[in-house]
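Protein chains in written order, with our numbering: chain A, 1 to 186; chain B, 1001 to 1186; chain C, 2001 to 2186. Ideal Cβ placement from N, Cα and C applies to all residues, glycine included. Here's the structure we're looking at; comments come further down.
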Amino acid sequence: MFEDIRAIYENDPSVRGSILRFPEVILYPCLHAIIIHRYISHPLYKLKLPFVPRFLSQFMRFLTGIEIHPGAKIGRGFFIDHGMGVVIGETAEIGRNCTLFHNVTIGGTGKHEGKRHPTIGDNVMIGTSATLLGPIIIGNNVKIGAETFIMNHDVPDSCTVVGAPGRIVRMNGQKVDMPLKESIIE
Amino acid sequence: MFEDIRAIYENDPSVRGSILRFPEVILYPCLHAIIIHRYISHPLYKLKLPFVPRFLSQFMRFLTGIEIHPGAKIGRGFFIDHGMGVVIGETAEIGRNCTLFHNVTIGGTGKHEGKRHPTIGDNVMIGTSATLLGPIIIGNNVKIGAETFIMNHDVPDSCTVVGAPGRIVRMNGQKVDMPLKESIIE
Amino acid sequence: MFEDIRAIYENDPSVRGSILRFPEVILYPCLHAIIIHRYISHPLYKLKLPFVPRFLSQFMRFLTGIEIHPGAKIGRGFFIDHGMGVVIGETAEIGRNCTLFHNVTIGGTGKHEGKRHPTIGDNVMIGTSATLLGPIIIGNNVKIGAETFIMNHDVPDSCTVVGAPGRIVRMNGQKVDMPLKESIIE
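The structure is reproduced here in structure tokens:
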């Protein structure tokens, strides 16, 4: 939990500016959504308790505008800025120190059973309104630009992806222009 | 109403998996939004009662994040997955067995009077964050991809449209790449 | 405040149609969000009162789905249609008689300190799900289409911008096709 709070403080320029603003972190909807997910909904989901975890998840969606399915696995230091409209699916897996903005979808295509949502590495930043669909793999240290769309394609480590459909525009610090590699062929 | 519930159960893989999860359907914000729209707001709107239908619609928007104008005509078996940020305009018409995802806009361009929102056929699926604007016609059995943008263009039956601006990428099961036909010339 | 109400009445075709519908303007979430911002949160922010303005802003986000940072400067006659998912950053400046739709982001890139959000002129219309990032300048009498993405580029007066990345498609009433001028080089 302290890592989640630190993630807010370090990532948001509007709070970082002044120690007087530190108490504002308790106002962040993502903090409420993540605490309930991490310490209540997800543990109850793993115990296979019916209904209650999903009820909590939907109630937190009402309070925060952030919908995290109780099944989602989320690493430490997770920060969702603004958060309205975020959807994280049941079989999504998110690594450590990831940052999401509002309206990000980590969802499914409707064509898979079982594992049907993305697996995301560590230190990944996903810009506002980006949509990631299907059981794809996003590497470590990846940046995904606002309004990017990725479906059925993987993203390698240490690159920046923008556009709809997403293209790699930076890799290991060098400017490039490459399509993503198709990982799921229908 | 039973058809709306069946639409949830059949369309959402996270519920479909197990009968134990069936009670979760009552948690779906779309179910609350649609029941109030279908059985209260829209009938009162047709009676030309002022204010009350719109008040109910805005109150349901607060509860569910889904904004359905009381004037919208919506067919049976309607399912909105997640739903946050959905906007359906006053003169929109939606056929039977349609599915929408969150952040879908079925709106107007601001340039028309009277009928100014889309007319959508049966068995249409509209992906997250797609935007459909103007009094356009979307055919039956159409799939519209996530983040697709369609304005002032019609979509024929049995095709898949993706991109911004939307292009037809599949028609009657065959891969194609065609622009949409302009239906409204300004 | 009267100008904000007039802005709703004049801009929304679903209210404009009939005087009987005028009372509906009090239902608009944008009106609640803007009144609290204009008359309470922003003045308290200017007095450098800690915590309270941000608390009010987050509470209004909960009620309306519209997140306006208390620091944002907003001119008269401001209208946000639908409004769910709108985010307006701390150092954003918006001129007079502007209209925004739902899911519009007036945000930062995370790479600037101090002034880090857009400055927007008068009579600007920004369509649904458009994203404007960075300390860019948007001129007067500009129209920005739905799902447009603009980052690190300015927009001159009297033009229409669409696409991701945004391009100028109309300027002083003439059809054109021009890229935007880069204003911030990283």
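### Message
Which of the three DSSP states is assigned to residue 1086 of chain B in this structure?
### Response
Indexing the second sequence from 1 puts residue 1086 of chain B at position 86. Three-state DSSP puts residue 1086 of chain B in a strand.
#### Entry: Paired residues, beta bridge with residue 2167 of chain C - DSSP
On the third sequence, residue 2167 of chain C is found 167 positions in, with the first residue counted as 1. According to DSSP, residue 2167 of chain C bridges with C:2162 and C:2179.
### Task
Measure the beta-carbon distance from residue 80 of chain A to residue 49 of chain A and round it to whole angstroms, keeping in mind my assumption that it falls under 8 Å.
As a working note, residue 80 of chain A is residue 80 in the first sequence. As a working note, residue 49 of chain A is residue 49 in the first sequence. Their Cβ separation, rounded to whole angstroms, is 25 Å, which puts residue 80 of chain A and residue 49 of chain A out of contact at 8 Å.
### Task
For the beta strand (DSSP E) holding residue 1064 of chain B, just list the boundary residues, first then last.
For the purposes of this step, residue 1064 of chain B is identified with residue 64 of the second sequence, where counting begins at 1. Here residue 1064 of chain B belongs to no beta strand (DSSP E); instead the alpha helix (DSSP H) covers 1052-1064.
### Query
Where does residue 1101 of chain B fall in DSSP's three states?
Sequence index remark: in the second sequence, residue 1101 of chain B carries index 101 (1-based). Residue 1101 of chain B falls in the coil class under three-state DSSP.
### Task
Check each candidate in A:41, A:62 and A:59 and name the one with the smallest Cα separation from residue 204 of chain A.
The question about residue 204 of chain A has no answer, for chain A in this structure spans 1 to 186.
### Task
Run down chain C in chain order and give the residues with a C-beta less than 7 Å from the C-beta of residue 1090 of chain B.
Residue mapping note: residue 1090 of chain B aligns to position 90 of the second sequence, counting from 1. Within chain C, the residues near residue 1090 of chain B are 2014.
### Query
Can you name, in chain order, every residue of its own chain whose Cβ lies under 8 Å from the Cβ of residue 7 of chain A, other than the five neighbours on each side?
Indexing the first sequence from 1 puts residue 7 of chain A at position 7. These residues qualify, in order along the chain: 77, 78, 79, 97 and 99.
### Query
By Cβ distance below 6 Å, which residues in the same chain neighbour residue 1024 of chain B in space, the five residues on each side in sequence not counted?
For the purposes of this step, residue 1024 of chain B is taken as the residue at position 24 of the second sequence. Closer than 6 Å at the Cβ level, and outside the excluded window around residue 1024 of chain B, lie 1015.
### Message
Let me make sure I understand the geometry here. Which of B:1065, B:1058, B:1159 and B:1119 has the alpha-carbon closest to that of residue 1029 of chain B?
### Response
One-based indexing of the second sequence puts residue 1029 of chain B at position 29. Out of B:1065, B:1058, B:1159 and B:1119, B:1065 has the C-alpha closest to the C-alpha of residue 1029 of chain B.
### Task
Return the chain-ordered list of same chain residues with a C-beta closer than 7 Å to the C-beta of residue 1171 of chain B, the five sequence neighbours on each side being excluded.
Position 171 of the second sequence holds residue 1171 of chain B. 1158 and 1159.
### Message
Taking 9 Å as the threshold (C-beta atoms), are residue 1179 of chain B and residue 1165 of chain B in contact?
### Response
Within the second sequence, the letter at position 165 stands for residue 1165 of chain B. Within the second sequence, the letter at position 179 stands for residue 1179 of chain B. Cβ atoms of residue 1165 of chain B and residue 1179 of chain B: closer than 9 Å.
### Task
Output, in sequence order along the chain, the residues in the stretch 1093-1119 of chain B whose CB is closer than 7 Å to any CB in chain A.
Those residues of the stretch 1093-1119 of chain B that come within reach of chain A (Cβ to Cβ, closer than 7 Å) are 1102 and 1103.
### Task
Would you tell me roughly how many angstroms separate the C-alpha atoms of residue 2117 of chain C and residue 1005 of chain B, rounded to the nearest one?
Residue 2117 of chain C sits at position 117 when you count from the first residue of the third sequence. Residue 1005 of chain B sits at position 5 when you count from the first residue of the second sequence. Rounded to the nearest angstrom, the gap between the Cα atoms of residue 2117 of chain C and residue 1005 of chain B is 44 Å.
### Task
Take the Cβ of residue 2147 of chain C as the centre, count every other Cβ of all protein chains shown within 10 Å, and call the residue buried at 16 or more, exposed below.
For the purposes of this step, residue 2147 of chain C is identified with residue 147 of the third sequence, where counting begins at 1. Under this definition residue 2147 of chain C is a buried residue.
### Task
Can you tell me which of C:2114, C:2151, C:2067 and C:2126 puts its alpha carbon nearest to the alpha carbon of residue 18 of chain A?
Translated into positions along the first sequence, residue 18 of chain A becomes position 18. Residue 18 of chain A has its Cα closest to that of C:2114, out of C:2114, C:2151, C:2067 and C:2126.
### Query
Pick from C:2067, C:2085, C:2131 and C:2071: whose alpha carbon is nearest that of residue 2043 of chain C?
Residue mapping note: residue 2043 of chain C aligns to position 43 of the third sequence, counting from 1. It is C:2071.
### Query
So with Cβ pairs under 9 Å, would you call residue 2161 of chain C a contact of chain A?
The residue you call residue 2161 of chain C lines up with position 161 of the third sequence. Residue 2161 of chain C does not count as touching chain A.
### Query
What are the partner residues of residue 2133 of chain C, as DSSP defines its beta bridges?
Along the third sequence, one-based indexing puts residue 2133 of chain C at 133. DSSP lists C:2107 and C:2151 as partners of residue 2133 of chain C.
### Message
In the DSSP output, what is residue 1125 of chain B paired with across the bridge?
### Response
Stepping through the second sequence from its first residue, residue 1125 of chain B is reached at position 125. Paired residues: B:1099 and B:1143.
### Query
Sorted by chain position, which residues of the same chain lie with C-beta nearer than 6 Å to residue 145 of chain A's C-beta, five sequence neighbours on each side aside?
The sequence position of residue 145 of chain A within the first sequence is 145, counting from 1. Closer than 6 Å at the Cβ level, and outside the excluded window around residue 145 of chain A, lie 127 and 162.
### Message
Quick check: what's the CA-CA separation for residue 2108 of chain C versus residue 2125 of chain C?
### Response
Here residue 2108 of chain C corresponds to residue number 108 of the third sequence, with the count starting at 1. Here residue 2125 of chain C corresponds to residue number 125 of the third sequence, with the count starting at 1. Roughly 19 Å separates the two Cα atoms.
### Message
List, in chain order, every chain A residue whose beta-carbon is nearer than 9 Å to that of residue 1063 of chain B.
### Response
For the purposes of this step, residue 1063 of chain B is taken as the residue at position 63 of the second sequence. Within 9 Å Cβ-Cβ: 62.
### Task
Quick one: list the residues of chain A neighbouring residue 1153 of chain B, beta-carbon separation under 9 Å, in chain order.
The residue you call residue 1153 of chain B lines up with position 153 of the second sequence. Those do not exist, as residue 1153 of chain B stays about 18 Å from chain A at its closest Cβ, beyond 9 Å.
### Task
Taking only beta-carbon positions, decide if residue 171 of chain A is within less than 9 Å of chain C.
For this step, residue 171 of chain A is matched to residue 171 along the first sequence. So no, residue 171 of chain A is outside the interface.
#### Entry: Residue-chain proximity (residue 2011 of chain C, chain B), Cβ-Cβ < 9 Å
Residue 2011 of chain C sits at position 11 when you count from the first residue of the third sequence. Closer than 9 Å to some Cβ of chain B, the Cβ of residue 2011 of chain C qualifies, so yes.
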